[in-house]
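**Student:**
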Amino acid sequence: MTWRNIALSLILLFTVQGAKAQAWEYLTPIKTNSEVRGCSFLDEQRGIAVILATRSVFRTTDGGETWESMWTPTVNSNPTDVEWVTDNLLFISAGNGDLFRSLDGGNTWANVNPPTTAWLYNVHFINETTGFVTGESGTVLKTTDSGSTWTLIPTTATSRLYGVHFTD
């Protein structure tokens, strides 16, 4: 074996060993195969998740080690995503055009009644005032006032829009 082959073998060995050490950990809120549709972390410790089938909202304050059930808005639709924007500002998108906002860190929720009845699948904020929601039939909503009001943005899309993400 040449020194190059030995060096290559050692690099591969250390790469494989490093990859083995980095494994995913099973941290769903109720530690089952529940359909967690959305999860958002404000920082390394505080996170929130929504479960479709049970219409449940869970919160963690220890980086996902433990989860507590939160009060869930009474809706006839299912939660599809959650976005934690600031310490106090959070959103949950849901079916039937429901979009819930919390102004107190997730303790209470109110439907902001956006201008649609389409299922809403994704919420994403680029800062504390400007955010977007996407949904079925090419639905795109935008807010510039922290979710107090929403504008329907015309698109040529006719399919479900499951997500949106902007860096700025």
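Per the numbering used here: the sequence shown ends with 482, consecutive numbering throughout.
Yeah, the Cβ is synthetic: ideal placement off N, Cα and C, and Gly gets one too.
Predicted, not measured: the structure shown is a model, and the values here were computed from it.
What number of angstroms, rounded off, separates the C-alpha of H479 from the C-alpha of V371?
**Tutor:** Near 22 Å, if we compare the C-alpha coordinates of V371 and H479.
**Student:** Report yes if the CB atom of T443 is closer than 7 Å to the CB atom of T458, and no otherwise.
**Tutor:** Cβ distance < 7 Å, so T443 and T458 count as in contact.
**Student:** Quick check: what's the CA-CA separation for G452 versus I362?
**Tutor:** Looking at the two C-alpha atoms, the distance is approximately 26 Å.
**Student:** So, S391 versus D412, is the Cβ gap smaller than 7 Å?
**Tutor:** Taking 7 Å as the Cβ cut-off, S391 and D412 qualify as a contacting pair.
**Student:** With a threshold of 16 other CB atoms inside 10 Å of the CB of S354, please say whether the residue is buried or exposed.
**Tutor:** Per the 10 Å Cβ criterion, buried.
**Student:** Please say whether G449 and W464 have beta carbons closer to each other than 7 Å?
**Tutor:** Not in contact: W464 and G449 (Cβ atoms no closer than 7 Å).
**Student:** According to the neighbour-count rule (16 or more other Cβ atoms, all chains shown, within 10 Å of its Cβ), is Y476 buried or exposed?
**Tutor:** It counts as exposed.
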